[in-house]
Amino acid sequence: GAVVSQHPSWVICKSGTSVKIECRSLDFQATTMFWYRQFPKQSLMLMATSNEGSKATYEQGVEKDKFLINHASLTLSTLTVTSAHPEDSSFYICSAEPSSGGDTQYFGPGTRLTVL
Amino acid sequence: SQELEQSPQSLIVQEGKNLTINCTSSKTLYGLYWYKQKYGEGLIFLMMLQKGGEEKSHEKITAKLDEKKQQSSLHITASQPSHAGIYLCAGGTSYGKLTFGQGTILTVHP
Numbered sequence: 096g097a098v099v100s101q102h103p104s105w106v107i108c109k110s111g112t113s114v115k116i117e118c119r120s121l122d123f124q125a126t127t128m129f130w131y132r133q134f135p136k137q138s139l140m141l142m143a144t145s146n147e148g149s150k151a152t153y154e155q156g157v158e159k160d161k162f163l164i165n166h167a168s169l170t171l172s173t174l175t176v177t178s179a180h181p182e183d184s185s186f187y188i189c190s191a192e193p194s195s196g197g198d199t200q201y202f203g204p205g206t207r208l209t210v211l
Numbered sequence: 002s003q004e005l006e007q008s009p010q011s012l013i014v015q016e017g018k019n020l021t022i023n024c025t026s027s028k029t030l031y032g033l034y035w036y037k038q039k040y041g042e043g044l045i046f047l048m049m050l051q052k053g054g055e056e057k058s059h060e061k062i063t064a065k066l067d068e069k070k071q072q073s074s075l076h077i078t079a080s081q082p083s084h085a086g087i088y089l090c091a092g093g094t095s096y097g098k099l100t101f102g103q104g105t106i107l108t109v110h111p
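Here the protein sequences line up with chains A and B, keeping their order. According to this note's numbering, the first sequence is numbered sequentially starting from 96. According to this note's numbering, the second sequence is numbered sequentially starting from 2.
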């Protein structure tokens, strides 16, 4: 149980294009999902908290117009990197917190984005 | 803001040896989580500790949280190559946000 998937697992795009990453909770509902970014050999940095049916809450320094988050259902949150640039290349990981309770977040396998 | 420091940053052990990874917080933790990550992959949940003095074990891995809820340790007994990876501690808030330590890279030589 408590499986979170991400799609795609990796993506290569040209500079200036937009890329959408999906995060799904497969066997549970998640009112809250989180988006993290991880640079090579570094830890995870929280980008934003995604709440079903409401606007996402962004961490300080994260551009909300660049990283669009949509949490349209209890099992799906999407992160769209708009007008991607090479510095946006990174490993993006989502996590989901079951609506049924408990304080544990379950993480997806991550999406590696490379912007050329 | 809450900061977590892990030590050591990296650890190389021979198979069969015991090892300990430490995680220290600058503030009292609401909850302390331990995750394992293989490079380029997602995180695997290991354990969560919430009460001061709490200790949990799963297979050969034991995690402890001190009474003040500012320090945690992860102990692996009789390490195996399958234990290799990056171990991350994370401090949780009451509203779900996690702040991660910088991680400890564990290598286990057969």
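Where a beta carbon is used, it is the ideal one built from N, C-alpha and C, also for glycine. Treat the numbers as computed from the prediction; the structure is a model and nothing was measured.
Can you tell me where the beta strand (DSSP E) with residue i in it begins and where it stops?
i	result
A:F186	185-192
A:G148	Unbroken run through A:G148: none, as it is neither H nor E.
A:A167	162-168
B:K112	Since the first and last residues shown for chain B are 2 and 111, residue 112 of chain B lies out of range.
A:V157	A:V157 -> no beta strand (DSSP E), and no H or E assigned at all.
B:T100	99-101
B:K37	32-38
B:F1	Absent from the model: residue 1 of chain B. The displayed extent of chain B is 2 to 111, so no value can be given.
A:A179	Per DSSP, A:A179 belongs to no beta strand (DSSP E) and is neither H nor E.
B:L89	86-93
B:L66	62-66
B:E55	Run containing B:E55: none; DSSP gives neither H nor E here.
B:L1	The question about residue 1 of chain B has no answer, for chain B in this structure spans 2 to 111.
B:A72	Just to set this straight, residue 72 of chain B is Gln in the shown sequence, not Ala. First-last of the beta strand (DSSP E) with B:Q72: 72-77.
Run through the DSSP bridge pairs and tell me what residue i is partnered with.
i	result
A:Q99	Reading off the sequence shown, one finds Val at residue 99 of chain A, where the question assumed Gln. BP columns for A:V99 point to A:S120.
A:Y201	A:A191
A:F129	A:T144, A:S190
B:E6	B:T25
B:L114	Outside the modelled stretch of chain B, which goes from 2 to 111, sits residue 114 of chain B, for which no answer is possible.
A:T68	Chain A is shown only over 96 to 211; residue 68 of chain A falls outside these bounds and no answer can be derived.
A:T173	A:E117, A:N165
Can you give me the C-alpha to C-alpha distance between residue i and residue j, rounded to a whole angstrom?
i	j	result
B:I62	A:F202	20 Å
A:A97	B:C90	20 Å
A:H166	A:V210	24 Å
B:H76	A:T112	46 Å
A:T175	A:S184	13 Å
A:N222	B:G32	Residue 222 of chain A is absent from the structure shown; chain A starts at 96 and stops at 211.
A:L121	A:S100	7 Å
A:L208	A:S195	32 Å
A:I107	A:P181	10 Å
A:L141	B:G54	28 Å
A:T127	B:L30	21 Å
B:Q51	A:K109	45 Å
B:G43	B:L66	24 Å
A:A151	A:A143	7 Å
A:Q124	B:G104	29 Å
A:A179	A:D160	12 Å
B:P9	A:P204	25 Å
A:S149	B:S58	38 Å
A:T170	A:V114	20 Å
B:K37	B:V109	14 Å
State yes or no: is the C-beta of residue i nearer than 7 Å to some heavy atom of the ligand ATP?
i	result
B:Q51	As for the ligand ATP, it is missing from this structure, which has no ligand bound.
Under 8 Å, with one C-beta from each stretch per pair, do the stretch 147-163 of chain A and the stretch 13-25 of chain B reach the 3-pair mark? Three or more Cβ pairs closer than 8 Å define a contact, and the stretch 147-163 of chain A falls short of that threshold against the stretch 13-25 of chain B.
Three-pair Cβ contact test at 8 Å for the stretch 69-80 of chain B versus the stretch 23-33 of chain B: Output reads yes: the stretch 23-33 of chain B touches the stretch 69-80 of chain B.
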